[in-house]
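From first to last, the protein sequence lines stand for chains A and B.
Going by our numbering, the first residue of the first sequence is number 46, and it counts up by one from there.
Going by our numbering, the first residue of the second sequence is number 46, and it counts up by one from there.
Every residue, glycine too, gets a C-beta built ideally from N, C-alpha and C.
Protein chains: 2
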Amino acid sequence: MSAPADWIAVDWGTTRLRAWVMDGAGREIAHLASDRGMGGLAPDAFEPALLELVGPHLAEGRATPVIACGMVGARQGWIEAAYEAVPCAPPGLAHATRAPAADPRLDVMILPGLSQDRPADVMRGEETQIAGFLATVPDFDGTICLPGTHTKWVQVSAGEVVSFRTVMTGELFAAISGHTVLRHTVGHGSDEAAFIDGVADGMARPEALTARLFGLRAEALLHGLDADAAASRLSGLLIGLELAGARGYWLGTRLALVGAAGLIARYAAALRAQGALPEVADGDEMVLAGLKAASAGRN
Amino acid sequence: MSAPADWIAVDWGTTRLRAWVMDGAGREIAHLASDRGMGGLAPDAFEPALLELVGPHLAEGRATPVIACGMVGARQGWIEAAYEAVPCAPPGLAHATRAPAADPRLDVMILPGLSQDRPADVMRGEETQIAGFLATVPDFDGTICLPGTHTKWVQVSAGEVVSFRTVMTGELFAAISGHTVLRHTVGHGSDEAAFIDGVADGMARPEALTARLFGLRAEALLHGLDADAAASRLSGLLIGLELAGARGYWLGTRLALVGAAGLIARYAAALRAQGALPEVADGDEMVLAGLKAASAGRN
């Protein structure tokens, strides 16, 4: 029989559900994951999906606190955890929403995301990574960039999120490389020089983007452009466009990248080529640190 | 029994096959269409697809000339009709490639597309619309824009294509509205004011594109942005980005738009908002005019 949890940290996104089972001394007993993301679940399917994953770790006769963040709190999730409006500190348990659970062994609290009125913007999940980063680097003042499907650029000052901007770079890469004529041209490998060239070109001539895209196809047809170089150049063009638009977020300010190692390395290379020197932190570690910071608010 | 054809004009693209059956006096006997586009056909399936469509119009005992343009001449088509390199006039029959046909009633000639070495670019089919436009407006000197899935901006002088540029605006709109999170946000209707706003914004701040895209989602979530307005704004942003990049093609020059009426109207509105006054011509009429011009070269 597994050791019972003191509490459970949950990161529940669109495509994945992950849980860290914690003991009373703050140690990780187990790290669990499933593909039962919010995107595929009806509201009444969340509790069974969670029980399937963490059931063996629940003590009998008492409710185990579960602290969750991410799309589980969206309108289409388990229950809506209304956004907190910036400027504000990353929200803690005091702002969380209790999810309806039939099993008395569960006490599930969902942390809210953040919203910004003008320009309109929203995040769900990244605010908890930001909380984790600020718990780890408490004096941080500057910009946190969280690369991903929807990359977030977040201005942080005095422990608060001041403003943020979401760019769809990751999702655009997937849509262009998977659902346009470039699917015949773009491979899965990588070519560092082609990437850095693409970044420079995307930054210098953002208005040429849509012509550059077809140019990849034509370069492949006429001049044998390699599929890996095409993929890296496409990624570079899109990240270059993003960096041109987000210049106010990263130029001349303290900058941290939080996310998955591979993607972080790509953004770091692009930014270093522009003279920026980002700090880096692992996204999974930061989300767990953020959930731990929220859990500390239980007492 | 149908009247036999003198010759047959064929526009064979990726998704559609269209044929105009012509008599000896240059009149159209029939206009036929099928969905057997090049994209779904193996090389040996082209002849049956053509016979299925035009078979009843073929005379017995002699070969009927068929003049075709478009993706049918791509490497993955019936037979490759090698590109002609610009600068050059839109290619005529002298540069066409004979397709292998087993049926003695068919004599199929495929017109080549155009290629450009630097920056690398290609077209297949549009060159025939350009030929048709130049046959209709022989003194034209300036830029022809052919909006579509892959919009072409073509600089024409003294009857020759001097240079051109392909932008993937149409395909980007489809990929973004169909295969990203914006599929929940973008409708199918239209909103003229939102479109013109999007054009202005896309032109003024091309580097902000990827942030503006997620902004549509956030505007819908937070401020109830209408799905039709979102669709028009997305279209405007992408066309605005295109116009910013193609400025050298349309600013201060004679300009013609050739294509489908709905799309032409959209580009015309965007360009008029920038002070340009494009002439317009129907794309179907121009491709037929171009094939007729090629047919005149039979004699």
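It is roughly 14 Å from the alpha-carbon of A/G82 to the alpha-carbon of A/L96. Taking 8 Å as the cut-off, the Cβ atoms of B/A146 and B/A126 do not count as close. The three-state secondary structure of A/V226, taken from DSSP, is helix. For B/H76, the secondary structure class from DSSP, reduced to helix, strand or coil, is strand.
The beta carbon of A/I74 is closer than 6 Å to those of A48, V66, D68 in its chain, skipping five residues each way along the sequence. Note on geometry: alpha-carbon atoms of B/G320 and B/D246 lie some 16 Å from one another. Two segments are said to touch when three or more pairs of C-beta atoms, one from each, lie closer than 8 Å; by this definition the region 196–206 of chain A touches the region 131–141 of chain A. If only uninterrupted beta strand (DSSP E) runs of at least 3 residues are considered, those enclosed by the region 87–156 of chain A are 109–114, 151–155.
Taken through DSSP and simplified to helix, strand or coil, A/A339 comes out as helix. With contacts defined by Cβ atoms closer than 8 Å, A/A272 and A/V231 form a contacting pair. DSSP, read as helix, strand or coil, puts B/L62 in strand. The CB of A/S160 comes closer than 9 Å to the CB of A263, L266, L267 in chain B, given here in chain order.
In the structure shown, B/D329 adopts helical secondary structure according to DSSP, grouped into three states. No Cβ of chain A is located within less than 8 Å of the beta carbon of B/A75. Membership of B/D242 in the alpha helix (DSSP H) is indicated by the continuous run 237–249. Within the region 216–238 of chain A, the residues whose Cβ lies closer than 9 Å to some Cβ of chain B are E216, L217, A219, A220, I221, G223, H224, T225, V226, L227, listed in chain order. Ranking B/T211, B/M154, B/P323 by CA distance to the CA of B/R163 puts B/T211 first.
A direct Cα-Cα distance of roughly 39 Å separates B/V325 from B/L266.
Contact of B/M213 with chain A by beta-carbon distance below 7 Å involves T225, T255, L258, F259.
Our two residues, B/G85 and B/T60, have alpha carbons roughly 8 Å apart in a direct line. For A/E287, the C-beta contacts it makes with chain B under 7 Å involve T255, in order along the chain. By a beta-carbon distance limit of 8 Å, B/I155 does not contact B/A139. Their separation comes to about 13 Å.
Against chain B, a Cβ distance below 8 Å from A/E92 picks out nothing, because the smallest value is about 25 Å.
The C-beta of B/R169 comes no closer than 8 Å to any C-beta of chain A. For B/A265, no beta strand (DSSP E) run applies; the uninterrupted alpha helix (DSSP H) run containing it begins and ends at 254–268, by DSSP.
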